[in-house]
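Asker: One structure, as structure tokens, below. Some questions next.
2 protein chains.
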Amino acid sequence: MISKKTKYAINALVYLSKKPNQQPILISEIAEHEHIPQKFLEAILLDLKKAGILASKKGKGGGYFLLKSPNDVNMADVMRLFDGPIALLPCVTHKYYQKCDECIDEETCGIRSVFLEVRNQTVELLKKATLAEIINRDH
Amino acid sequence: MISKKTKYAINALVYLSKKPNQQPILISEIAEHEHIPQKFLEAILLDLKKAGILASKKGKGGGYFLLKSPNDVNMADVMRLFDGPIALLPCVTHKYYQKCDECIDEETCGIRSVFLEVRNQTVELLKKATLAEIINRDH
DNA sequence: ATTTATCCTATAGATTTTATAGAGTAATAA
DNA sequence: TTATTACTCTATAAAATCTATAGGATAAAT
Chain A
318 MISKKTKYAI
328 NALVYLSKKP
338 NQQPILISEI
348 AEHEHIPQKF
358 LEAILLDLKK
368 AGILASKKGK
378 GGGYFLLKSP
388 NDVNMADVMR
398 LFDGPIALLP
408 CVTHKYYQKC
418 DECIDEETCG
428 IRSVFLEVRN
438 QTVELLKKAT
448 LAEIINRDH
Chain B
318 MISKKTKYAI
328 NALVYLSKKP
338 NQQPILISEI
348 AEHEHIPQKF
358 LEAILLDLKK
368 AGILASKKGK
378 GGGYFLLKSP
388 NDVNMADVMR
398 LFDGPIALLP
408 CVTHKYYQKC
418 DECIDEETCG
428 IRSVFLEVRN
438 QTVELLKKAT
448 LAEIINRDH
């Protein structure tokens with residue numbers, strides 16, 4: 318299961334994607350509409366800003382808006398940002414790789430082989446799942 | 318990521334699968350060979366027994382052994398037993414289904430649509446990943 | 001200056017994960 | 001029948017993670 322943080326992030330991103338481009342939206346508006354605790358959402362949006370996905374404007378008329386194109390923000394990136402690796406085992410991740418204690422030879426490990434396939438398929442699907450794609454499916 | 322519990326369970330099952338059928342193996346032997354805390358492993362094996370996957374014998378010459386055929390034990394079942402649903406969102410699971418707060422119409426939700434696809438693909442792969450298949454890949 | 005609204009740090013409660021302790025039960029064999 | 005072996009069961013505790021909140025700092029607009 319993805320964390321609530323990731324779920325909130327996706328909901329906020331989809332909400333922002335549906336708005337006219339670059340129009341700043343209040344945190345409070347997103348929080349209310351998507352039923353997200355406002356203070357919690359603040360931290361999430363900040364992370365999305367640091368990741369270069371969102372931008373913000375302070376003061377009156379301020380708020381958050383999408384910096385990247387909805388075509389360039391995919392679920393794999395968002396999930397990794399908040400929940401870490403998508404892989405189900407540490408030995409099949411790229412960035413967070415960790416060897417298994419009991420593993421003698423990784424190249425011949427049947428368990429690893431299975432979970433590597435799962436990871437690859439999942440990442441492929443999640444990469445294709447951009448904000449644009451989600452909104453497009455949203456009918 | 319799967320929990321250590323699930324990882325331990327898989328390692329123990331693969332270890333038992335490689336042994337001659339129905340020969341009881343000591344918990345301590347599995348624990349030692351697979352680097353699993355023994356007391357923790359005890360609980361795991363008990364769960365696998367309650368799930369009908371393993372059987373056990375008490376007293377001298379006792380231990381655990383595979384009850385089901387390695388062909389009939391797949392990773393989807395094992396993961397669900399210890400970590401719960403495989404789906405990444407509560408609204409795309411079958412058994413643990415939960416509606417999203419903010420969702421107006423599930424049938425048209427683009428987010429759900431994406432994660433339903435991921436779930437279905439993952440489950441399909443994990444169902445095919447039986448103990449027999451894992452050992453077979455293990456070369 | 002004042003108001004607005006994001007930014008930042010610290011913290012706390014709740015839940016889950018991982019692990020251990022110790023007594024109980026059943027099977028085996030001498 | 002007694003001793004030994006090894007699984008069974010309950011309770012608990014330490015550690016880590018997740019979720020959420022509080023309160024002040026900073027920057028932009030009027």
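Chains as they are written, first to last, in our numbering: chain A, 318 to 456; chain B, 318 to 456. Don't be surprised by glycine CBs; every beta carbon is placed ideally from N, CA and C. Please read all numbers here as calculations on a predicted model, not as lab measurements.
1. Does the beta carbon of glutamine 458 of chain B come closer than 9 angstroms to any beta carbon on chain A?
2. What does the Cβ neighbour count give for tyrosine 325 of chain B, buried or exposed, with the cut at 16 atoms within 10 Å?
3. Evaluate glycine 379 of chain A with the Cβ neighbour count: other Cβ atoms within 10 Å of its Cβ, from every protein chain shown; 16 or more gives buried, anything less gives exposed.
4. Between which two residues does the alpha helix (DSSP H) carrying alanine 360 of chain A extend?
5. Compare the Cα-Cα distances from glutamate 450 of chain A to each of A/Asn338, A/Phe357, A/Ser386 and report the closest residue.
6. Check whether the stretch 402 to 411 of chain A touches the stretch 434 to 447 of chain A, taking contact to mean three or more Cβ pairs, one atom from each stretch, closer than 8 angstroms.
7. Buried or exposed for threonine 425 of chain A, please, with buried defined as at least 16 other CB atoms from any protein chain shown within 10 angstroms of its CB.
8. So is valine 331 of chain A in contact with chain B if we call contact Cβ pairs under 9 angstroms?
9. So for threonine 410 of chain A, helix, strand or coil by DSSP?
10. Can you give me the Cβ contacts of asparagine 388 of chain A inside the same chain, cut-off strictly under 7 angstroms, excluding the 5 residues immediately before and after it?
11. Please go through the same chain and pick out, in chain order, the residues whose beta-carbon is closer than 6 angstroms to the beta-carbon of methionine 392 of chain A, but skip the five residues on each side of it.
12. Strictly below 9 angstroms CB to CB, what residues from chain B border leucine 406 of chain A?
13. Could you give the DSSP three-state label for isoleucine 342 of chain B: helix, strand or coil?
14. May I have the straight-line CA-CA distance separating leucine 365 of chain A from valine 395 of chain A, to the nearest angstrom?
15. Looking at the strands, I want to know which residues DSSP matches up with asparagine 391 of chain A.
16. What residues from chain A crowd round alanine 446 of chain B, counting only those whose CB sits closer than 7 angstroms?
17. Going along the chain, which residues of its own chain have a beta-carbon closer than 8 angstroms to the beta-carbon of phenylalanine 373 of chain B, five neighbours each way excluded?
18. Quick one: does glycine 427 of chain A have its CB under 9 angstroms from some CB of chain B?
19. Apart from the five residues just before and just after isoleucine 452 of chain A, which ones in its own chain have a Cβ nearer than 8 angstroms to its Cβ?
20. What would DSSP say about serine 373 of chain A, mapped onto helix, strand or coil?
21. Locate the alpha helix (DSSP H) running through leucine 333 of chain B, then write down its first and last residues.
Answerer: The short version:
1. No information on residue 458 of chain B is available, as it lies outside the stretch 318 to 456 that chain B covers here.
2. buried
3. exposed
4. 355 to 367
5. A/Ser386 is the residue among A/Asn338, A/Phe357, A/Ser386 whose C-alpha sits nearest the C-alpha of glutamate 450 of chain A.
6. With a cut-off of 8 angstroms, the stretch 434 to 447 of chain A and the stretch 402 to 411 of chain A count as touching, because enough Cβ pairs lie within range.
7. exposed
8. yes
9. coil
10. Thr447, Ala449
11. Leu443, Ala446
12. Near leucine 406 of chain A (Cβ distances below 9 angstroms), the residues of chain B are Met318, Ile319, Lys324.
13. strand
14. The straight-line gap from Cα to Cα measures roughly 8 angstroms.
15. Per DSSP, A/Thr447.
16. Within chain A, the C-beta atoms nearer than 7 angstroms to that of alanine 446 of chain B come from Val431, in chain order.
17. Sequence inspection shows serine at residue 373 of chain B; the phenylalanine mentioned does not correspond to that position. These residues qualify, in order along the chain: Pro341, Leu362, Lys366, Gly379, Gly380, Tyr381, Phe382.
18. yes
19. Val331, Ser334, Lys335, Pro387
20. strand
21. 321 to 334
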